Amino acid sequence: MNIAVLISGRGSNMLALHQAIQKGSLKNVALSLVISSHKEAAGLAKAKRLGLPTVLIDRSQFNSRRDFENQLIKTIQQQPIDLLVLAGFMQVLSPEFVACFAPNIINIHPSLLPKYKGLNTHRRVLAAKDSKHGLTIHMVTADLDSGPTIMQKEIHIANNATEESLAADLLVQEHLFLPLVIQLIAWQDIKLTKKEVFCQDQHIEGIRWNEQNDAIMKIQNDENSIVIETNRNENIKEYAKIAEGHQERESAQELLNRAKRWLLEQDSNLRPIG
Ligand code: GRF
């Protein structure tokens, strides 16, 4: 699967993807293109130093968003790209652009959406005195930070947390969960359609990982919704009763277990990158 990563700044998520590919933890994925919307983006310089294919499409050189996006579209369509990954890409994309690549565009956002769309999420979460913060990886639609959730990861907010400490703590998780989502898409465990996220051909409402890295996933079908968890074998039996005869429960369980194994296989001493 060929991915293009779109950045505007530091580019640490892009580097995390590159490293995951290099280490062999992200399999069957090629980082085929890094596009920066800013000339001075630190991530662009880093990608060049690593010899990654980079393109600068400098927003400031275009009079209109339309011209900028046309150049983006032209560049992306020059090669077979299967998935666009927005990672710190500070441009709001038009419905026309999104329509061109949907459903194969994802974004990573530093909050537990639908809470705190937009900027300054760490500041806002502290001001609201929330007990939890986190990240969301979601499909990109024409509405800002509002597309269907693919995955979320929660982190605890310590009493003495600052905007900086929260950002740093979350970034470590971003570098783990963005590769995980891309791996699941490459494995075709997760499929993106125009409006929904599918797991093993069942509509899911995203996968949510708690602080201990256990996950919960809700499958939505016509008759009922089934909840699958990584850590609760006794509950799984209970849900099995509800879902008796529903093959989706089993394959969803397999997917979660596979995802958990993938997480466990990663370096447990993750350090911030970039
Ligand atoms: C990350 O916090 C990401 O969630 C948000 O922008 C930041 C980008 O960081 N969308 P980096 O450029 O990947 O280091």
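Those letters in the sequence shown? Residues 89 to 362, by my numbering. All C-beta atoms, glycine included, are put in the ideal place defined by N, C-alpha and C. Predicted, not measured: the structure shown is a model, and the values here were computed from it.
Cβ-heavy atom distance between residue i and the ligand GRF below 7 Å?
i: A230; result: no
i: I95; result: yes
i: P198; result: yes
i: S113; result: no
i: M227; result: no
i: L259; result: yes
i: A175; result: yes
i: M102; result: yes
i: R212; result: no
i: E242; result: no
i: L264; result: no
i: G131; result: yes
i: L223; result: yes
i: G99; result: yes
Work out the CA separation of residue j and residue i for me, nearest whole Å.
i: V93; j: Q288; result: 26 Å
i: N345; j: A135; result: 33 Å
i: D170; j: N195; result: 15 Å
i: N90; j: L264; result: 19 Å
i: G362; j: D257; result: Low confidence applies to G362: its pLDDT is 48, below 50, so where it sits in the model is not reliable, and the reading given next is rough at best. If I take the Cα positions, the gap works out to 14 Å.
i: S152; j: I161; result: 14 Å
i: P140; j: Q179; result: In the sequence under discussion, the amino acid at residue 140 is Leu, which differs from the Pro named in the question. Their Cα atoms are separated by approximately 22 Å.
Going by other Cβ atoms of all chains shown within 10 Å of its Cβ, with 16 needed for buried, is residue i buried or exposed?
i: E353; result: exposed
i: G112; result: exposed
i: N221; result: According to the sequence displayed, residue 221 carries His and not Asn. Buried.
i: Q80; result: This structure leaves residue 80 out entirely; the chain is present only between 89 and 362.
i: P360; result: Its pLDDT being 47, under 50, P360 is placed unreliably by the model, and the measurement read from it follows with that caveat. So P360 counts as exposed.
i: H244; result: exposed
i: A190; result: buried
i: S365; result: Because the chain here runs from 89 to 362, residue 365 falls outside it and cannot be looked at.
i: E262; result: buried
Which one or two residues does DSSP pair with residue i in a beta bridge?
i: A92; result: L121, L172
i: N301; result: Per DSSP, none; premise fails for N301.
i: T224; result: H197, Q240
i: I414; result: Outside the displayed range of the chain (89 to 362) lies residue 414, so it cannot be described from this structure.
Roughly how far, in whole angstroms, is the beta-carbon of residue i from the beta-carbon of residue j, given that I think they are within contact range, below 8 Å?
i: V228; j: L174; result: 6 Å
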